[in-house]
Amino acid sequence: MFYRFGGIHFWLLLLSTITDGLVMPRIRRMAITSDIRYRFATTHISLDVGNTQQYTEDFYFETQLPVGSLISNVSLYVNGTHYKSKTQKVSEEYKIWLQKTNLKLKLIKEDRSLYSDSNVFVMTVPMAALSKAQFNLTYNYLLHRQNNKYKFPVYLFFRQGQYVSDVVINTYLWEPTKIMEPSVKLFKEHNMPVASIEQKVSFDRKIHWISPNNIHISYKTSFDMIRNLFSRNFLLEYSLKQNPKSSGNVLWHNKEGLVFFSPRRLKPFPKDIIFTIDYTESMKGEKLSEVKKALSSILRMTSPKDRFKILLYNKNVYQGAYGLLPVNAHNIKMAFDLFKNTIPYDTSDLNLAIEESLKQLNKSDPSEKRVRVVYFLTDGWQSMNNIRRHKITKSFRKANKDCKAIFFNVALHLKADYILLKTLSNLSGGKTLRITEKQNISKSMVNFYKEMKTPLLTNLSTVGPYHNTSYYVGLKDYYKGSENILYFNKTNVNSSDGSTLYVYSDGANGAVKFKNTIKDSHIEDNIGGLNSFERKNFMAKYLDFLFIRMVIDRKLKARREEAIDKAMRNGFLTPWTYMSALPSSYNAVQNLGKKA
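Those letters in the sequence shown? Residues -21 to -1, 1 to 575, per mature numbering (1 follows the signal peptide of the UniProt record, and there is no 0), in order.
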């Protein structure tokens, strides 16, 4: 079953409240083994458990999983019987059962804030007196690159009073290029409560280099009784050596493949930038000083080919010189005179500010291949009561249809309308940054701008501009240090010798193509020692995983049935499937966010 509580998603079979002082069966050994190839991780969790009591006890098979992962198998050996999960399509009968069961979950009184950053899988299974059991769970996860780093978390989570003996973590990492700067940390989750009795844990991890692109990381520790709720994140971080002449790695097998497209290594396009700044009463003082300091630093970082304009707004919009200006010392000084000649007061009309930003960009020559960007900042909400959020969004869609401006939005402190800003950035292919009161405003704004110093590609495709029949997978993130994964097959290889693949972008800057070469080594790559049969299965599961995630994340209703077929073939737990054949009348379904 799944349960959604306060925007937090849980993976459940049967979740029950654990009373204080409950004697739990011992975890004799917990082994977590992860295998990562081409950023695709398969993790297997195995628990050997023993009930030392003279009576039947419930054991809570409980683990945290990275957001975005898909469970592919659950198997148990309990009280002499073996159970292996079977994935089935959710039926009407199951939906009715689920509705009734969800009513029972309202009685649960556990503190959900403990799980705010991850999914939780919990299963309650009765164990006979003096019996042993083994619990196994397998899930898959795609590593995303952010700020040039790949991150792979493994969570350790134990409840107070749980006896835990040995814990063993093994991570095997293989990548097609040299692995750079691998590091492993074991840290306490920031959302865990501060306790007077902290569990001491050693951290003697070992990194063994098998080859420059293949490493093995091992970690072993032991506990006795957990004195306080215990949660740690075993985090692997690494980067890869990149070929400066290539726009990304290629994985090619059996006439289809993936290109790991990396726009950070490409030259940025010239930009037209509108800086639209909240100039209301609430911005007076330190906030406004920090914003002006950030703008001064940002304008010094712009390219000589960029053009800019500063707009200030409250219930009106104020501007200095007409049109977009080249970036030079004289124009920067003239733009900053606007702050001296205008007094911050009143409340804000976000809708008017957004409309005026787009009008200014529409005045530029459409024949020029330039990226249009709005750097929009506010610390408040739309103050005009007759203009609701949905009206602003509708107006924005229409106004930006031809302009194709990319919005980078800054929500300054918690009072800003983050939902509206996030919606606008998603619609335009941009990003939204929330700056809290504890963060340095100027530094955060400057770092956020640095992400614009990339090509800002949109509408990526492997089949050519205006014919985007290929599909994206991964983050759809085109900014600094990111990576996009695109699917292609033999028909996408646009050359007579069958060795050249083009990635196309069709955005505000016009149609652009980037070249990738498919080498023979990609076709028969060992993928970290896999034989031909294993390579075939690896590639098939990888592609199915990416397709299912795409359908879920992009809410593609038209392709749901195809995703269900792939999920059942691989045993994946999804919003449309559940796991049966487990020792309970309660079967599982995974809630991965909004249903597609």
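Heads up, the beta-carbon is just placed ideally off N, CA and C, and yes, glycines get one too.
Contact set for residue i: own chain, Cβ-Cβ below 6 Å, skip 5 residues either direction
i    : result
N471 : T441, V442
S110 : N30, N58
A546 : I527, T553, T556
F216 : The identity of residue 216 in the sequence shown is Glu, whereas the question assumes Phe. Counting only Cβ-Cβ distances below 6 Å, and skipping sequence neighbours, we find K128, K130, S162.
N115 : S25, S54
S423 : I414
For residue i, the three-state DSSP class (helix, strand or coil)
i      : result
Q141   : coil
H309   : helix
A537   : helix
G(-16) : Any reading at G(-16) is ruled out, since the residue's pLDDT is 27, under 50, leaving its predicted position unreliable.
K164   : strand
Q125   : strand
R349   : coil
Q33    : coil
V229   : strand
A378   : helix
F526   : helix
I322   : coil
N58    : coil
H369   : helix
A390   : strand
M102   : strand
W555   : coil
E235   : strand
T22    : strand
S478   : coil
E41    : strand
L561   : coil
N149   : strand
V28    : strand
R7     : strand
T12    : strand
K573   : Interpretation of K573 is limited by its pLDDT of 36, a score under 50 that renders its predicted location unreliable; no figure is taken from the coordinates.
Top-ranked residue by Cα proximity to residue i, from the options
i    : options                : result
K272 : E235, L55, T156, F315  : F315
L393 : N468, D325, N115, L356 : L356
Q298 : K284, N307, Y258       : Y258
S374 : A390, E334, L165, S51  : E334
I186 : I15, T150, K536        : T150
F517 : K536, P283, G236, N193 : G236
L214 : L165, K199, V530       : L165
G227 : Y521, A542, T496       : T496
F318 : T156, V306, S70, A300  : A300
Q43  : F131, F202, N98, Y483  : N98
K370 : D344, N388, F240, D328 : D328
N426 : Y354, S404, S484       : Y354
S13  : I148, I75, T35, P4     : I148
Cβ distance (whole Å) where residue i is taken to contact residue j below 8 Å
i    : j    : result
K469 : T479 : With 8 Å as the limit, K469 and T479 do not qualify as a contact, their Cβ atoms being about 12 Å apart.
I366 : N330 : 5 Å
S218 : K128 : 6 Å
G408 : S261 : At roughly 29 Å, the Cβ-Cβ gap does not stay under 8 Å, so G408 and S261 are not in contact.
T255 : N293 : Rounded, the Cβ-Cβ distance is 12 Å, inconsistent with contact.
L406 : L439 : 17 Å between Cβ atoms; not a contact.
S70  : N52  : The Cβ separation is near 21 Å, so there is no contact.
V104 : F182 : Between F182 and V104 the Cβ distance is about 31 Å, and since that is not below 8 Å, they are no contact.
F524 : N119 : 5 Å
I158 : P132 : That belief does not hold up - the Cβ atoms of I158 and P132 are roughly 18 Å apart, past 8 Å.
Chain-order list of residues whose beta-carbon lies under 7 Å from that of residue i (same chain, five-residue window excluded)
i    : result
C382 : L337, L340, N341, R351
Q125 : G460, S461
N310 : L304
Y62  : S54, L55, A560, L561, P562
T200 : V146, V180, S181
I189 : H195
Spatial neighbours of residue i in its chain, beta-carbon cut-off 8 Å, leaving aside the 5 residues before and after
i    : result
Y397 : A390, T411, R413
S500 : Summary for S500: the model assigns pLDDT 48, below 50, so the residue's position carries little reliability, and this model does not support an answer.
K68  : I543, M547, W555, T556
Which runs of the alpha helix (DSSP H) at least 4 residues long sit entirely within the region 394 to 419? Give them in chain order.
397 to 407
Complete beta strand (DSSP E) runs within the region 248 to 311 (minimum length 3 residues, chain order):
250 to 257, 286 to 292, 296 to 298
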